[in-house]
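K.L.:
The sequence shown begins at 72 in the numbering used here and counts up by one.
Here's a structure for you.
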Amino acid sequence: MTLKIGFLVVKARFLNALKFEEEKNLDTMSRISQKLADLKAQGKTALIPYITAGDPRPSATVSLMHLLVAKGADMLELGVPFSDPMADGPVIQKAVERALTHNVSMNDVFEMVREFREKDAITPIILMGYLNPVERMGFEKFAHAARSVGVDAALTVDMPPEESIGYFDALKAAGLDRIFLVSPTTPVSRLRAVNEKGSGFVYYVSLKGVTGSKEIDIADVATQMARLKGEINLPIGIGFGIRNGETAAAMSQQGDAVIVGSALVSLIEVNQDKDLYEIELAIGAKMDEFRQAITHADAQ
Numbered sequence: 072m073t074l075k076i077g078f079l080v081v082k083a084r085f086l087n088a089l090k091f092e093e094e095k096n097l098d099t100m101s102r103i104s105q106k107l108a109d110l111k112a113q114g115k116t117a118l119i120p121y122i123t124a125g126d127p128r129p130s131a132t133v134s135l136m137h138l139l140v141a142k143g144a145d146m147l148e149l150g151v152p153f154s155d156p157m158a159d160g161p162v163i164q165k166a167v168e169r170a171l172t173h174n175v176s177m178n179d180v181f182e183m184v185r186e187f188r189e190k191d192a193i194t195p196i197i198l199m200g201y202l203n204p205v206e207r208m209g210f211e212k213f214a215h216a217a218r219s220v221g222v223d224a225a226l227t228v229d230m231p232p233e234e235s236i237g238y239f240d241a242l243k244a245a246g247l248d249r250i251f252l253v254s255p256t257t258p259v260s261r262l263r264a265v266n267e268k269g270s271g272f273v274y275y276v277s278l279k280g281v282t283g284s285k286e287i288d289i290a291d292v293a294t295q296m297a298r299l300k301g302e303i304n305l306p307i308g309i310g311f312g313i314r315n316g317e318t319a320a321a322m323s324q325q326g327d328a329v330i331v332g333s334a335l336v337s338l339i340e341v342n343q344d345k346d347l348y349e350i351e352l353a354i355g356a357k358m359d360e361f362r363q364a365i366t367h368a369d370a371q
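This is the structure:
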């Protein structure tokens, strides 16, 4: 009898532990986390392209999103137009201006995501933008609306983790990942706050300055990755300044994801007055360059 009771106690503890782990995984393993975990298990690096919603015109955005996935994107980063994009360089600032000439709003962005989800229910989508449009809508309303159309995460450039309590809670309650930016100058205290409040992955800004600026110092990125990994348990995506396949390949050996933006958006700018087919040819060729370079580097 004693042995039987002991066995039942051990079994109950095991089942409770198993249930706890399952509940924990359900709570933490978002679509973004799952994708990155799957790629890591395969020895692969994620490719995350960025475009601005509504650039060069609203009717092109969903088609471009599908093209990016067809050309090897593992996730999509969709920029929400805002009149004062302070972290963005001239290329993306002009993209935002083009979108705003069409009066693209947050609700328009949600509609684009909803339309994309009609044909793609799998590819994670990250909304990248600024706090002002979110505040105007309201944290809870924004989070609920974003989740309901199929958004997976929010990256709000000007919302540091120390000030994000209400916003963070709304995103978490809606099941959205919270992605924060870190840079070479981010202090340890903030890295720890990002690790505590962030989810999905951390976006490492590989350059000091705005998007699309300067050249990446690969040796410095390697040094910074060692520093970050000492404080952050989340996967790390590397972005800013990745203009070609060579740089993308080098960054793929340092982080879990490579994020490309200005290199693609500049092609939209050059081809903005052409028909969608011509824009897609240019974007597709650049995506092929990035994807092939990363795939080759991963295989080494």
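Where a beta carbon is used, it is the ideal one built from N, C-alpha and C, also for glycine.
Everything numeric in this text was worked out from a predicted model, so none of it was measured.
Going by DSSP, what residue range makes up the beta strand (DSSP E) through Y121?
P.N.:
Here the question's residue 121 lines up with position 50 in the sequence shown. Counting along the chain, the beta strand (DSSP E) containing Y121 begins and ends at A117 to T123.
K.L.:
Hey, S277 and V292 are a contact pair by Cβ (cut 8 Å); roughly how many whole angstroms apart?
P.N.:
Here residue 277 is taken as the residue at index 206 of the sequence shown, counted from 1. Here residue 292 is taken as the residue at index 221 of the sequence shown, counted from 1. About 5 Å separates the two Cβ atoms, so the contact holds.
K.L.:
List the endpoints of the continuous beta strand (DSSP E) containing Y275.
P.N.:
Counting from one through the sequence shown, the residue named residue 275 turns up at place 204. Its beta strand (DSSP E) spans residues V273 to V276.
K.L.:
Alpha helix (DSSP H) containing V220: first to last residue?
P.N.:
In the sequence shown, counting from the first residue as 1, residue 220 sits at position 149. From DSSP, the alpha helix (DSSP H) with V220 extends over F210 to V220.
K.L.:
Quick check on DSSP: helix, strand or coil for D248?
P.N.:
Taking the sequence shown and counting its residues from 1, the one referred to as residue 248 is at position 177. The answer is strand: DSSP assigns D248 an E or B state.
K.L.:
Specify, as a first and last residue, the run of the beta strand (DSSP E) that G150 falls within.
P.N.:
Your numbering for residue 150 matches position 79 in the sequence shown. Its beta strand (DSSP E) spans residues L147 to G150.
K.L.:
Report the three-state DSSP secondary structure of A192 (helix, strand or coil).
P.N.:
Translated into the one-based positions of the sequence shown, residue 192 becomes position 121. Looking at A192 - three-state DSSP - the assignment turns out to be coil, as it is neither helix nor strand.
K.L.:
Could you work out which residue in D346, R314 and Q325 is closest to V331 when comparing CA atoms only?
P.N.:
Counted from its first residue, the sequence shown places residue 331 at position 260. Nearest option by C-alpha distance: R314.
K.L.:
On the three-state DSSP scale, how would you describe I197?
P.N.:
Taking the sequence shown and counting its residues from 1, the one referred to as residue 197 is at position 126. I197: strand per DSSP, three-state reduction.
K.L.:
Determine the DSSP secondary structure at A225, reduced to helix, strand or coil.
P.N.:
Sequence index remark: in the sequence shown, residue 225 carries index 154 (1-based). Three-state result, A225: strand.
K.L.:
Are the segment 204-218 and the segment 228-247 touching by the rule of at least three beta carbon pairs closer than 8 Å?
P.N.:
Judged by Cβ distances under 8 Å, the segment 204-218 makes contact with the segment 228-247, as three or more pairs qualify.
K.L.:
Does the beta-carbon distance from T116 to D369 come in below 8 Å?
P.N.:
The count along the sequence shown starts at 1 and reaches residue 116 at position 45. The count along the sequence shown starts at 1 and reaches residue 369 at position 298. Yes, they are a contact pair.
K.L.:
How big is the Cα-Cα spacing for K111 and T256?
P.N.:
Indexing the sequence shown from 1 puts residue 111 at position 40. Indexing the sequence shown from 1 puts residue 256 at position 185. About 27 Å.
K.L.:
So, is S337 buried or exposed, given that buried needs 16 or more other C-beta atoms within 10 angstroms?
P.N.:
Start at 1 with the first residue of the sequence shown, and residue 337 comes out as number 266. Buried is the call here.
K.L.:
Where does G355 fall in DSSP's three states?
P.N.:
Walking along the sequence shown from the start, residue 355 turns up at place 284. Correct three-state label for G355: helix.
K.L.:
When DSSP labels each residue in this structure, what does G114 get in the three-state scheme?
P.N.:
As a working mapping, residue 114 is identified with position 43 in the sequence shown. Coil at G114, not helix or strand.
K.L.:
So, is E93 buried or exposed, given that buried needs 16 or more other C-beta atoms within 10 angstroms?
P.N.:
Here residue 93 corresponds to residue number 22 of the sequence shown, with the count starting at 1. Low per-residue confidence applies at E93: pLDDT is 39, beneath 50, and the placement is therefore not dependable enough to give any value.
K.L.:
Reducing DSSP to helix, strand and coil, say where V175 ends up.
P.N.:
As a first step, residue 175 is located in the sequence shown; it is residue number 104 there, counting from the start. DSSP places V175 in coil when its eight states are reduced to three.
K.L.:
What number of angstroms, rounded off, separates the C-alpha of L198 from the C-alpha of A290?
P.N.:
As a first step, residue 198 is located in the sequence shown; it is residue number 127 there, counting from the start. As a first step, residue 290 is located in the sequence shown; it is residue number 219 there, counting from the start. About 30 Å.
K.L.:
Report, in whole angstroms, the separation of the C-beta atoms of G150 and G200, which I expect to be a contact under 8 Å.
P.N.:
For this step, residue 150 is matched to residue 79 along the sequence shown. For this step, residue 200 is matched to residue 129 along the sequence shown. Indeed, because the Cβ distance is near 6 Å, the residues count as touching under 8 Å.
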